[in-house]
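A.B. asks: The structure under discussion is supplied below as structure tokens; questions concerning it will follow.
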Amino acid sequence: MHPIYEESRIPIQIRRLMVFDEICKLAKEQPDEIIHLSPYTQLSLGVMYLKDFKKFIAFGGVFEYAETQEEVIEQRIKVFPNDEPVRRALTVNLKQFTKPARTSLQLVWHWNNYVKNRMHAYVDYREEHFFKINDEIDWEYPPHKFHDRLVATARLPLWDDRDELIADVYRDKKGQPRAERYNEKRLI
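Just so you know, we're using the working numbering here: the sequence shown kicks off at -14 and counts up by one.
Shown next as structure tokens:
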């Protein structure tokens, strides 16, 4: 069973309001903590209710790519595969997307202003996870397509779904679909 805000026959702005209304109710029950609708949305959307100010703030994820080892250290990556230093990495940084708002309607309005015409990438387009942290990334590898893009989830209708704004890691430069097991040899 899927939530009602996944119904495509309901207008997109109403569905967005339904999402923010639901998450604001959850955030009000646990003030001063970032609340997520589900584990699937942890990288893309979080809301915090500030009890002292009686306002909500929405947070979203932004991809950051580190090219040098110094940039990797700045991104605070502490888990290293095979105990080797990581020279290149892709991380998600949670940033404040909205101004403090008293109602979920104001929060949706600020959210729409922030994400309008912004490049984004879906993290759950397919079942497998396509990000690897290693030092053998070449320029054809997908993380280079994600730097400074918003993190989006296909489970929520919160981003502009125009083709020119979406990073499609599953297509090559010619627009052809990549193989189902693209870059499987890099898992070693």
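For each residue, glycine too, the CB sits at the ideal point set by N, CA and C. Remember, it's a predicted structure, so these values are computed and weren't measured experimentally.
Report the residue from L2, P(-12) and E(-8) whose alpha carbon sits nearest the alpha carbon of Q91.
C.D. replies: The count along the sequence shown starts at 1 and reaches residue 91 at position 106. Of the listed residues, the one whose Cα sits closest to Q91 is L2.
A.B. asks: Might you give, ordered along the chain, the residues of its own chain that have their beta carbon closer than 8 Å to the beta carbon of T26, omitting 5 neighbours on each side?
C.D. replies: Position 41 of the sequence shown, counting from 1, holds the residue named residue 26. T138, R140 and L141, listed in sequence order.
A.B. asks: Just to confirm the assignment, what range does the alpha helix (DSSP H) spanning F5 have?
C.D. replies: As a first step, residue 5 must be located in the sequence shown, where it is residue number 20. Counting along the chain, the alpha helix (DSSP H) containing F5 begins and ends at I(-3) to E14.
A.B. asks: Would you say the segment -13 to -3 touches the segment 36 to 46, given that touching needs at least three Cβ pairs under 8 Å?
C.D. replies: No: the two stretches stay apart, fewer than three of their Cβ pairs being nearer than 8 Å.
A.B. asks: Report the rounded CA-to-CA distance for Y50 versus Y34, giving the unit in angstroms.
C.D. replies: Within the sequence shown, the letter at position 65 stands for residue 50. Within the sequence shown, the letter at position 49 stands for residue 34. Between Y50 and Y34, the C-alpha separation is close to 30 Å.
A.B. asks: Going straight from the alpha carbon of L28 to that of V100, what length do you get?
C.D. replies: For the purposes of this step, residue 28 is identified with residue 43 of the sequence shown, where counting begins at 1. For the purposes of this step, residue 100 is identified with residue 115 of the sequence shown, where counting begins at 1. Roughly 15 Å between the two C-alpha positions.
A.B. asks: Nearest-angstrom Cα distance between V77 and P16?
C.D. replies: To locate residue 77, count along the sequence shown from 1; it is residue 92. To locate residue 16, count along the sequence shown from 1; it is residue 31. Distance between the alpha carbons of V77 and P16 is about 24 Å.
A.B. asks: Please report the residue range of the beta strand (DSSP E) in which I42 lies.
C.D. replies: Here residue 42 is taken as the residue at index 57 of the sequence shown, counted from 1. Residues K40 to A51.
A.B. asks: Report the rounded CA-to-CA distance for Y(-10) versus K80, giving the unit in angstroms.
C.D. replies: Taking the first residue of the sequence shown as 1, we reach residue -10 at position 5. Taking the first residue of the sequence shown as 1, we reach residue 80 at position 95. One C-alpha to the other measures close to 24 Å.
A.B. asks: In whole angstroms, what is the alpha-carbon distance linking L22 and F82?
C.D. replies: By 1-based counting over the sequence shown, the position of residue 22 is 37. By 1-based counting over the sequence shown, the position of residue 82 is 97. For L22 and F82, the distance between alpha carbons rounds to 17 Å.
A.B. asks: For M(-14), count neighbouring C-beta atoms within 10 Å of its own C-beta (all shown protein chains included) and say buried if the count is 16 or more, exposed if not.
C.D. replies: Residue mapping note: residue -14 aligns to position 1 of the sequence shown, counting from 1. At M(-14) the pLDDT is 39, less than 50, meaning the model places this residue with poor confidence; the figure from the coordinates comes in the next sentence. By the 10 Å Cβ count, M(-14) comes out exposed.
A.B. asks: Report the residue from P(-12), L150 and R87 whose alpha carbon sits nearest the alpha carbon of D37.
C.D. replies: Here residue 37 is taken as the residue at index 52 of the sequence shown, counted from 1. Closest option to D37, Cα to Cα, is R87.
A.B. asks: What is the C-beta distance between A74 and V57, in whole angstroms, given that I count them as a contact (C-beta under 8 Å)?
C.D. replies: As a first step, residue 74 is located in the sequence shown; it is residue number 89 there, counting from the start. As a first step, residue 57 is located in the sequence shown; it is residue number 72 there, counting from the start. A74 to V57, Cβ: 5 Å. Contact.
A.B. asks: How far does the beta strand (DSSP E) with L75 in it extend, from its first residue to its last?
C.D. replies: Residue mapping note: residue 75 aligns to position 90 of the sequence shown, counting from 1. Where L75 is concerned, the enclosing beta strand (DSSP E) stretches over A74 to Q81.
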